[in-house]
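One structure is given below, encoded as structure tokens.
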Amino acid sequence: MIERIDTGQRMSKIVKHNGVAYLCGQVGDGATVTEQTRDCLSRVDTLLDKAGSSRRQMLQVVIWLADMADFAEMNAVWDAWVPQGHAPARACGEARLARPELKVEIIVTAAC
């Protein structure tokens, strides 16, 4: 069975299948990478909770940065947020994001 949560015409915020929750990409508000990353991760927390999951159940995370020069700044926020001993498989790359003011987008897959 596939469960779709908060589904619109273009996408669902969460899709659950066989005990796995796939979250749509999250971007955040703020002027800096730090602010945007904190807001992104807060939104991820909300979606994980809605999916019946948590940070400790993350399986994989893909992070897109508008500029890889921001890698260390983003990681400072990420490292404080990820539960010790529960780091997911992760990839991080550089991409042009949907709007010029966006600096980071985070995509999470988690067990639920």
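Residue numbers (full-length UniProt numbering): 1 to 112.
Even glycine gets a Cβ: it sits at the ideal position worked out from N, Cα and C.
Beta-carbon separation (whole angstroms), residue i vs residue j, contact threshold 8 angstroms
i      : j      : result
Leu-48 : Arg-55 : 7 angstroms
Coarse secondary structure for residue i, derived from DSSP in three states
i       : result
Arg-55  : helix
Val-44  : helix
Arg-38  : helix
Glu-101 : coil
Val-82  : coil
Ala-69  : helix
Ala-31  : coil
Ala-111 : strand
Ala-87  : coil
Residue i to residue j span [Cα, whole Å]
i      : j      : result
Arg-43 : Val-77 : 14 angstroms
Leu-65 : Phe-71 : 8 angstroms
Glu-73 : Val-27 : 16 angstroms
Ala-31 : Gly-52 : 31 angstroms
DSSP bridge partner residues for residue i (one or two, in chain order)
i      : result
Trp-64 : Gly-93 and Glu-105
Gln-26 : Ile-106
Val-20 : His-17 and Ala-111
Candidates the options, of which the one nearest residue i by Cα
i       : options                           : result
Cys-92  : Pro-83, Ser-53, Val-61 and His-86 : Val-61
Ile-63  : Gly-19, Arg-4 and Val-104         : Val-104
Pro-100 : Thr-7, Pro-88, Asn-18 and Asp-67  : Asp-67
Lys-50  : Tyr-22, Glu-35, Ala-69 and Val-33 : Tyr-22
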